[in-house]
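Just so we're aligned: the sequence shown equals residues 290 to 399 in the working numbering.
No residue lacks a Cβ here, since even glycine has one placed at the ideal position from N, Cα and C.
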Amino acid sequence: MKYWKQGFYDEPVEGGVEITDERWLELIDGQAAGMLITEDEQGSPVLTEYVNSVPVPTYEQRVQQSIRERYSVDDELAILRQRDTKPDEFAAYYEYAEQCKAQAKKQMQL
290 MKYWKQGFYD
300 EPVEGGVEIT
310 DERWLELIDG
320 QAAGMLITED
330 EQGSPVLTEY
340 VNSVPVPTYE
350 QRVQQSIRER
360 YSVDDELAIL
370 RQRDTKPDEF
380 AAYYEYAEQC
390 KAQAKKQMQL
């Protein structure tokens, strides 16, 4: 016999659930196959499908990430503050930002 309380134990633990060695092997095999061991409402261990919860970047996040590959936040702010005194720098930044927007739209198939 094994015991479960947010993990496996060989000895009884307070609030733990007793499981058979066969069930323990099923759970271990499922975990080795990529499933997660979670608990049901009674606190018993169950296998659940692993769901990749990495969020997909939004359009705005993709654009910002692309811009950051070339311009730091400080650089971007300096260019925006000096756009009237350094129009060539601003034009280059603006053109690159538009390219980043087009690339993000293409990636997201918008």
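| Query | Result |
| --- | --- |
| Start-to-end residues for the alpha helix (DSSP H) that takes in leucine 369 | 362 to 370 |
| Reference arginine 351; option with closest CA among Leu399, Val302, Ile326 | Leu399 |
| Buried or exposed (CB count within 10 angstroms, at least 16 for buried), lysine 395 | exposed |
| Residue interval of the beta strand (DSSP E) (run including leucine 325) | 325 to 328 |
| Residue of Ala380, Glu303, Leu366 minimising C-alpha distance to glycine 332 | Glu303 |
| C-beta atoms of tyrosine 348 and alanine 393 nearer than 8 Å | yes |
| Simplified DSSP assignment, three categories, for tyrosine 339 | coil |
| Cβ pair threonine 337, methionine 324 closer than 8 Å | yes |
| Cutoff 8 Å; reference proline 301; Cβ partners in own chain excluding five residues on either side | Tyr292, Glu307 |
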